[in-house]
Amino acid sequence: MLIETTRLPFGVSRSYAGLARAEDPRTDPIAAQYIPTENERSHLPYESTDPIGDTRYLVTERLVHHYHDRALLLVSDRCATYCRFCFRRHFTGRGGGRISAQQLEEACGYLARTRVVKEILLSGGDPLMLSDNDLEQVMSRLKEVDSGYIIRVSTRMPVVMPARITEDLARMLGSFGSVWVVVHANHPWELTDEFRRGIRLLLGAGVPALNQSVLLRGVNDDADVLEQLFRGLVRSGVKPYYLFQGDLASGTAHFRVPLRRGMELMKELRKRLSGLALPTYAVDLPGGGKVPVESALLRTEEDAYVFRGPDGAEYRYPREGERPAY
Ligand code: SF4
């Protein structure tokens with residue numbers, strides 16, 4: 104079944120493409136992340152262009168308020184490299200561009216009226232597609248609403264375009280205080296000298312760094328690869344924070360790893376890694392929010408895993424690759 108609306112643009116930075124090593128790009132863990140394949144044309148009934156339900160929690164055009172104390176501000180729809188497994192397909196690369204002054208004011212107006220949010224996640228797309236000046240303006244306006252905001256900048260730039268992490272950028276981010284950068288590395292080949300240089304600049308400016316990885320078939324669904332990735336991150340000064348089960352995003356089934364396999368990998372990694380290097384294996388329940396797989400799992404049914412969501416309700420996640428799909 105063809106679903107044109109699931110299409111992401113193709114785009115890759117020169118530096119990221121340069122990390123691919125295998126002769127056949129289909130078997131390369133880096134190339135697989137940016138080269139589109141025919142698999143993206145298939146769509147399963149339980150997949151969606153918005154699998155984690157951002158649009159349900161949109162309170163202004165660019166502000167998503169799902170969790171009580173946190174809000175997500177979509178500051179740009181652009182990325183330096185478009186990941187073929189991207190879960191935010193309803194927004195990423197769709198032409199919305201950078202946040203406008205009016206959209207920012209609408210978001211700040213909501214935050215000022217409600218006064219419950221303590222933490223703002225800048226995301227998109229990639230927030231570091233904004234110039235330093237534009238990003239500084241966004242952050243300054245947020246801090247005008249509440250100088251106590253903790254700001255998280257979720258970005259793949261240290262991986263896909265490490266040259267974007269400059270001394271000026273690090274200094275600007277550090278000048279706000281309570282800013283964290285959340286990196287997205289999926290494979291140890293991504294931890295280059297340039298990556299480490301960028302992280303050193305951030306840490307030197309007082310900006311701590313966490314990492315979120317996605318469990319991806321053919322890329323990192325292997326205990327040795329994940330061990331190398333998580334150890335490499337800690338050595339670089341980055342705390343592995345989450346390992347995400349693949350979201351049920353349209354056209355990404357070929358990347359998803361059966362949940363049972365994910366749990367087996369975590370069991371193996373727990374034997375090998377300290378708490379410092381071990382991330383939480385988490386799943387974003389369709390419509391339900393993010394939960395740790397192991398502690399939120401209630402039971403296994405014939406076709407689905409059943410989880411307790413953050414709101415106390417039960418949510419199902421399909422037993423893909425283990426049983427016939429729905
Ligand atoms: S960098 Fe993030 S938002 Fe952009 S394509 Fe990759 S996963 Fe999606």
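Under this note's numbering, think of the first position of the sequence shown as 104, with each following residue one higher. Glycine included, each C-beta is placed from N, C-alpha and C at the ideal position.
Own chain residues within Cβ distance below 6 Å of GLY321, not counting five before or after: Stepping through the sequence shown from its first residue, residue 321 is reached at position 218. Hits under 6 Å: ALA135.
ASP229 CB to nearest heavy atom of the ligand SF4 below 6 Å: Position 126 of the sequence shown, counting from 1, holds the residue named residue 229. ASP229 Cβ: within cutoff of the ligand SF4.
Contacting residues, own chain, Cβ-Cβ under 7 Å from VAL328 (five flanking each side not counted): Your numbering for residue 328 matches position 225 in the sequence shown. Same-chain partners within the cutoff: HIS290, PRO291.
Residue(s) in a DSSP beta bridge with THR152: Position 49 of the sequence shown, counting from 1, holds the residue named residue 152. Partner(s): none; THR152 has no beta bridge.
Three-pair Cβ contact test at 8 Å for the stretch 361-378 versus the stretch 123-131: no
Span separating the alpha-carbon of SER243 from that of ASN236: Against the sequence shown, residue 243 aligns to sequence position 140. Against the sequence shown, residue 236 aligns to sequence position 133. Using only the alpha carbons, I get a separation of about 10 Å.
Extent of the continuous beta strand (DSSP E) run through PHE347: Counting from 1 along the sequence shown, the entry for residue 347 is found at position 244. Residues 341-347.
Whole-angstrom distance between ARG117 and SER145, CA atom to CA atom: Numbered from 1 along the sequence shown, position 42 holds the residue referred to as residue 145. Numbered from 1 along the sequence shown, position 14 holds the residue referred to as residue 117. C-alpha separation (whole angstroms): 29 Å.
Euclidean distance between Cα positions of PRO311 and SER281: Reading the sequence shown from its first residue, position 208 is the one you call residue 311. Reading the sequence shown from its first residue, position 178 is the one you call residue 281. Their backbone Cα atoms lie some 9 Å apart in a straight line.
Rounded separation between ILE106 and CYS189 - CA only: As a first step, residue 106 is located in the sequence shown; it is residue number 3 there, counting from the start. As a first step, residue 189 is located in the sequence shown; it is residue number 86 there, counting from the start. At ILE106 the pLDDT is 44, less than 50, meaning the model places this residue with poor confidence and gives no usable figure here.
In chain order, each beta strand (DSSP E) run of at least 3 residues that lies wholly inside the stretch 327-394: Fully enclosed beta strand (DSSP E) runs of 3 or longer: 341-347, 383-388.
Boundaries (first-last residue) of the beta strand (DSSP E) holding ASN314: Residue 314 sits at position 211 when you count from the first residue of the sequence shown. Counting along the chain, the beta strand (DSSP E) containing ASN314 begins and ends at 312-317.
THR163 and ALA210 closer than 7 Å at C-beta: Residue mapping note: residue 163 aligns to position 60 of the sequence shown, counting from 1. Residue mapping note: residue 210 aligns to position 107 of the sequence shown, counting from 1. Yes, they are a contact pair.
CA-to-CA distance, ILE223 to ASP249, given in whole angstroms: Working through the sequence shown from its first residue, we reach residue 249 at position 146. Working through the sequence shown from its first residue, we reach residue 223 at position 120. In a straight line, the C-alpha of ASP249 is about 11 Å away from that of ILE223.
VAL219 burial status per 10 Å Cβ neighbour count (16 or more: buried): Indexing the sequence shown from 1 puts residue 219 at position 116. Exposed, by the Cβ-count rule.
Burial state of GLU150 (16 or more Cβ within 10 Å): On the sequence shown, position 47 is the one that residue 150 refers to. Flag for GLU150 reads buried.
Cβ-Cβ distance between TYR185 and GLY114 below 7 Å: As a working note, residue 185 is residue 82 in the sequence shown. As a working note, residue 114 is residue 11 in the sequence shown. Yes, these two residues count as a Cβ contact at 7 Å.
Three-state secondary structure assigned by DSSP to GLU297: Stepping through the sequence shown from its first residue, residue 297 is reached at position 194. Residue state for GLU297 is assigned as helix, using DSSP reduced to three classes.
GLU222 in three-state terms, based on DSSP: For the purposes of this step, residue 222 is taken as the residue at position 119 of the sequence shown. Note: GLU222 maps to strand in three-state DSSP.
Residue ranges of each alpha helix (DSSP H) within the stretch 193-244, 4 or longer: 204-217
Neighbour flag for LEU225 against chain C, beta carbons, 7 Å: Absent here is chain C; the protein component of the structure consists of one chain.
Burial state of PRO261 (16 or more Cβ within 10 Å): Against the sequence shown, residue 261 aligns to sequence position 158. That one is buried.
Test item: CB-CB of GLY228 and PRO112 under 7 Å: Taking the first residue of the sequence shown as position 1, residue 228 is located at position 125. Taking the first residue of the sequence shown as position 1, residue 112 is located at position 9. No, Cβ-Cβ distance for GLY228 and PRO112 is not below 7 Å.
Any non-hydrogen atom of the ligand SF4 closer than 6 Å to CYS211 Cβ: As a position in the sequence shown, residue 211 is number 108, starting the count at 1. For CYS211, the shortest C-beta to heavy atom distance toward the ligand SF4 is 6 Å or greater.
Coil, strand or helix - SER421 by DSSP: As a first step, residue 421 must be located in the sequence shown, where it is residue number 318. Strictly speaking, residue 421 in this sequence is Pro, with Ser absent from that position. PRO421 falls in the strand class under three-state DSSP.
Rounded C-alpha distance that separates ARG299 from HIS169: Along the sequence shown, one-based indexing puts residue 299 at 196. Along the sequence shown, one-based indexing puts residue 169 at 66. Here the alpha carbons of HIS169 and ARG299 stand approximately 33 Å from one another.
Cβ shell of ALA273 (< 6 Å), same chain only, five flanking positions each side left out: By one-based count along the sequence shown, residue 273 stands at place 170. Only LEU304, LEU305, ALA308 meet the Cβ criterion.
Beta-carbon separation (whole angstroms), LEU379 vs VAL337, contact threshold 8 Å: Here residue 379 corresponds to residue number 276 of the sequence shown, with the count starting at 1. Here residue 337 corresponds to residue number 234 of the sequence shown, with the count starting at 1. Their Cβ separation, rounded to whole angstroms, is 6 Å, which keeps LEU379 and VAL337 in contact under 8 Å.
Cut-off 8 Å between Cβ atoms - residues of its own chain near ALA356, not counting five sequence neighbours on either side: Mapped onto the sequence shown, residue 356 falls at position 253. ASN142, SER145, LEU147, GLU150, GLU423, listed in sequence order.
Residues near LEU318 by beta carbon distance below 7 Å, same chain, minus five either side: To locate residue 318, count along the sequence shown from 1; it is residue 215. Result list for LEU318: ASP324, LEU346, PHE347, GLN348, GLY349, VAL360, GLY365, in chain order.
Backbone secondary structure at ILE302 - three-state DSSP: As a working mapping, residue 302 is identified with position 199 in the sequence shown. Reduced to three states, the DSSP call for ILE302 is helix.
Proximal residues to ILE138 (C-beta, below 6 Å), its chain only, five neighbours per side dropped: What you label residue 138 is simply residue 35 of the sequence shown in a count that begins at 1. Cβ within range, chain order: PRO128.
Delimiting residues of the beta strand (DSSP E) encompassing VAL285: Taking the sequence shown and counting its residues from 1, one reaches residue 285 at position 182. That run of the beta strand (DSSP E) goes 282-286.
TYR185: CB within 6 Å of a non-hydrogen atom of the ligand SF4: Within the sequence shown, numbered from 1, the residue matching residue 185 stands at position 82. The answer is yes for TYR185.
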